[in-house]
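Here is the structure we will look at, set down as structure tokens.
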Amino acid sequence: MTDRPPQRNPNRQLAALIAEAGFSNAGLARRVDQLGLEHGLDLRYDKTSVTRWLRGQQPRGTTPALIAEVFTRRLGRRLSAQDLGLDACAPVYAGLEFASTPEEAVDIVSGLWRKDSGSHAELRKIAFTPAGLVVPSRDWLIGRADERVTRGEPPQRPPHGANSAPTAPGGRVPAQMRPPAQGGRTGGAGGLGGAGVPGGRGGGPGGPGGAAGAAGVGKAPGAGGSPGGGGAPGASGSASGAAVSAGPSTLAVPRQRGTERGPGQRVTGGDIAALRSVGELFRTLDHAYGGGHARQALVRYLEHEAEPMLRGNYGEATGRRLFGAAADLTRLAGWTSYDIAAHGLAQRYFVQALRLSQAAGDRAYGSYVLVTMSRQAVYLGHGREAVQLARVAQQGIGSSAPPVVQALLHSVEARGHAVLGEVRACTASLVRAERTLDAARTGEEVPHWARSFDEAQLADEFAHCHRDLQQYRAAAQHAERALQLYAPGYARSRTFCRVVLAAARLGLGELDQACGLGAEAAQQASEMRSARAVEYVRDFERRLEPYRDAAAVRTYRDRVTAIG
0 MTDRPPQRNP NRQLAALIAE AGFSNAGLAR RVDQLGLEHG LDLRYDKTSV TRWLRGQQPR
60 GTTPALIAEV FTRRLGRRLS AQDLGLDACA PVYAGLEFAS TPEEAVDIVS GLWRKDSGSH
120 AELRKIAFTP AGLVVPSRDW LIGRADERVT RGEPPQRPPH GANSAPTAPG GRVPAQMRPP
180 AQGGRTGGAG GLGGAGVPGG RGGGPGGPGG AAGAAGVGKA PGAGGSPGGG GAPGASGSAS
240 GAAVSAGPST LAVPRQRGTE RGPGQRVTGG DIAALRSVGE LFRTLDHAYG GGHARQALVR
300 YLEHEAEPML RGNYGEATGR RLFGAAADLT RLAGWTSYDI AAHGLAQRYF VQALRLSQAA
360 GDRAYGSYVL VTMSRQAVYL GHGREAVQLA RVAQQGIGSS APPVVQALLH SVEARGHAVL
420 GEVRACTASL VRAERTLDAA RTGEEVPHWA RSFDEAQLAD EFAHCHRDLQ QYRAAAQHAE
480 RALQLYAPGY ARSRTFCRVV LAAARLGLGE LDQACGLGAE AAQQASEMRS ARAVEYVRDF
540 ERRLEPYRDA AAVRTYRDRV TAIG
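Residues in the sequence shown are numbered from 0 upward in steps of one, following numbering that gives the first Met the number 0.
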């Protein structure tokens, strides 16, 4: 590594901290290199490098932040690069902080939106770090909803008889005037698909469904709700505004009224409805065509519309709803980033969505964000972290959650156990998921994001778990059932599930069937902008390697080559 010219003064702050931590120069260099590996950096520091730092040289790039993080872990208190006498730079875990106030949360997430909108190629290279999961999940679990999110002076009370809800002191809306909770299992989409180990669940945590029919989303192929992506291809309605291409049709992004919104403007219910409508639109695009299709447009929308709203004026009830809508869109930005393999960026979006959900006072949605984070951990092979996140979600939402939500959380925990090869624990979680889903009753109140977790999705979860445990006959049975139950509009879920079935057939020695299913999945993946879909197919091809000289495999490769 090349360092800057030496300063005149030795770095006494760094020397004091090295002594306090009990590090040798070689030991510090080794820990910095190891931390760099966690972030995808190949560093080659040694004891000579540390000697140079002590003499006053300044390490380049993010190294000061890495050194500060090494001391933070060792000494148990937060230290910055400046505390070590080094040049200031962004902390290693920038974007992974769990803010202490709603205002700080807005600053962190809006900075992430702006940087992603302007230089997304750089952000896509940020590595996923398992260590970055611990503090946010802990702080969410032990934390409480923010006492107050009201911003700006509350508007003057309208004249008697005007069509406006009265406000309580401090801008709070009395409970009887607040919008009723959403409920019911039928209707809108929402639900959660999975991630695999390359092989996670399908449409994936696309997120909460909003009122697509009311607010307006253009129609895409298919129908019904997305299994994990909120609106499946096919949410109906119309909206005017900026057009976004969606393959064979054009969908419209609702614009804000009038000119561009600026900070300080009053936020209305219509503004929040627009945010929810946009969420439905982008979930539809994500589920039908992959996260890469319109991810960047979503991030720009967050920067130019959601941030000014969060910095606008609103009372308590409106503010809670606003933070909830912002959490939903931020989680979706993370989900689409995850689908294009920008895993470090996705992780940061998920953490910030978790913090925004706390400001919204929506404990249930926070558990949904943790489920999303658990699925990413499964996909990346971090089974232990996946299990821990699923259990934190269960503990945080409690036993009073509707059966559908409990089934969802148990199934996600099962996926983590399967990655770890823990047969008994995986089986126990799957049994709990099945029993609680059976206990669900039509018409009972369920959060919109869990409404589409049904028998098809549960069968898909079973199939993935049995595949990971190499129980191929059971995997094939559940994958076939999932494909039978899934609606055609669940394109990405069906692609993932078809690959799982192909792997199961291969494990059973049915090479011809496996290759046929794999070729169909490869065709479907080629029609999406989804790195996960491509990785599913690659994972299947790695499994084919021992049979590479077989006629069925040669035919498979010819078919895939023809796809281009």
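Backbone N, C-alpha and C fix where the C-beta goes; we use that ideal spot for every residue, glycine too.
Predicted, not measured: the structure shown is a model, and the values here were computed from it.
Excluding the five sequence neighbours on either side, which residues of its own chain have a C-beta within less than 6 Å of the C-beta of alanine 561, listed in chain order?
If we look at alanine 561 and ignore the five residues flanking it on each side, it has no Cβ neighbours.
Based on DSSP bridge pairs, tell me the residues matched to tyrosine 313.
DSSP output for tyrosine 313 lists Arg150 as bridge partner(s).
Should asparagine 312 go down as buried or exposed, given a rule of 16 or more other Cβ atoms within 10 Å for buried?
Burial call: buried.
Rounded C-beta distance between glycine 420 and glycine 395? I'm assuming under 8 Å.
Going by Cβ atoms, the distance from glycine 420 to glycine 395 rounds to 27 Å, so no, they are not a contact pair.
Below 8 Å between beta carbons: does that hold for glutamate 519 and leucine 484?
Going by C-beta atoms, glutamate 519 is not nearer than 8 Å to leucine 484.
Report yes if the C-beta distance between glycine 60 and asparagine 10 is below 8 Å; otherwise report no.
Taking 8 Å as the Cβ cut-off, glycine 60 and asparagine 10 do not qualify as a contacting pair.
Taking aspartate 338 and glycine 291 to be in contact with their CB atoms under 8 Å, please state how far apart those CB atoms are, rounded to whole angstroms.
Their Cβ separation, rounded to whole angstroms, is 7 Å, which keeps aspartate 338 and glycine 291 in contact under 8 Å.
Nearest-angstrom Cα distance between arginine 330 and aspartate 82?
In a straight line, the C-alpha of arginine 330 is about 33 Å away from that of aspartate 82.
For serine 136, collect the residues of the same chain with a Cβ closer than 7 Å to its Cβ; drop the 5 residues on either side in sequence, then sort them by chain order.
Same-chain partners within the cutoff: Leu369, Leu388, Val391.
Using the C-alpha atoms, what's the distance from leucine 74 back to isoleucine 17?
For isoleucine 17 and leucine 74, the distance between alpha carbons rounds to 10 Å.
Can the beta-carbon of phenylalanine 452 be found closer than 8 Å to that of valine 403?
Cβ distance < 8 Å, so phenylalanine 452 and valine 403 count as in contact.
Should threonine 371 be labelled buried (16 or more other beta-carbon atoms within 10 Å of its own) or exposed?
Flag for threonine 371 reads buried.
Let me know the secondary structure DSSP gives arginine 265 once reduced to three states.
Note: arginine 265 maps to strand in three-state DSSP.
Check for me: the alpha helix (DSSP H) holding glycine 380 runs from which residue to which?
Segment: none, glycine 380 is in no alpha helix (DSSP H) and carries neither H nor E.
Return the CA-CA distance between alanine 326 and leucine 274, expressed in angstroms with no decimal places.
Alanine 326 and leucine 274: Cα-Cα distance of roughly 11 Å.
The alpha helix (DSSP H) spanning isoleucine 562 covers which residue range?
Per DSSP, isoleucine 562 belongs to the alpha helix (DSSP H) from 550-562.
Ignoring anything shorter than 4 residues, give me the alpha helix (DSSP H) runs that lie fully in the segment 454-528, in order along the chain.
Counting whole runs of 4 or more residues, the segment 454-528 contains the alpha helix (DSSP H) stretches 454-467, 471-484, 490-506, 510-525.
With the cut-off set at 8 Å, would you say leucine 65 and threonine 71 are in Cβ contact?
No; because the gap between Cβ atoms is not below 8 Å, this pair is not in contact.
Report, in whole angstroms, the separation of the C-beta atoms of arginine 30 and valine 69, which I expect to be a contact under 8 Å.
Indeed, because the Cβ distance is near 5 Å, the residues count as touching under 8 Å.
Per DSSP, what kind of secondary structure is proline 9 in: helix, strand or coil?
Three-state DSSP puts proline 9 in coil, outside helix and strand.
When you compare each of Pro446, Ala67, Val377, Ala400 to glutamate 412 by their alpha carbons, which one comes out closest?
Here the closest residue by C-alpha is Val377.
In three-state terms, what does DSSP make of glutamine 357?
DSSP places glutamine 357 in helix when its eight states are reduced to three.
If you draw a straight line from the alpha carbon of leucine 95 to that of leucine 34, how long is it in whole angstroms?
So the two alpha carbons sit approximately 16 Å from each other.
Around the C-beta of glycine 318, are 16 or more other C-beta atoms found within 10 angstroms, so that it is buried, or is it exposed?
Buried, because 16 or more other Cβ atoms sit within 10 Å of the Cβ of glycine 318.
Check aspartate 86 in the structure and name its three-state DSSP category.
Here aspartate 86 sits in coil by DSSP.
Under DSSP, the alpha helix (DSSP H) around tryptophan 448 begins and ends at which residues?
Unbroken run through tryptophan 448: none, as it is neither H nor E.
Could you compute how far the alpha carbon of proline 129 sits from the alpha carbon of glycine 110?
Spanning the two alpha carbons is a distance of roughly 22 Å.
Under a three-way DSSP split, which group does leucine 42 fall into?
The answer is coil: DSSP assigns leucine 42 none of H, G, I, E or B.
Spell out a yes or no on whether the segment 101-115 and the segment 349-357 are touching, meaning 3 or more CB-CB pairs, one atom from each, closer than 8 Å.
Yes, they touch.
Does the separation of the CB atoms of alanine 67 and alanine 80 fall below 8 Å?
Yes.
Express the C-alpha separation of proline 101 and glutamate 146 in angstroms, rounding to a whole number.
For glutamate 146 and proline 101, the distance between alpha carbons rounds to 10 Å.
Does DSSP put alanine 18 in a helix, in a strand, or in coil?
Three-state result, alanine 18: helix.
Taking a contact to mean a Cβ-Cβ separation below 8 Å, would you say tryptophan 112 touches glutamine 357 in this structure?
In this structure, glutamine 357 does not lie closer than 8 Å to tryptophan 112 by Cβ.
If contacts are defined as beta-carbon pairs under 8 Å, then valine 499 and alanine 478 qualify, I think. What distance do you get, rounded to the angstrom?
With 8 Å as the limit, valine 499 and alanine 478 qualify as a contact, their Cβ atoms being about 5 Å apart.
So serine 136 is in the alpha helix (DSSP H); what residue range does that whole segment cover?
That run of the alpha helix (DSSP H) goes 133-141.
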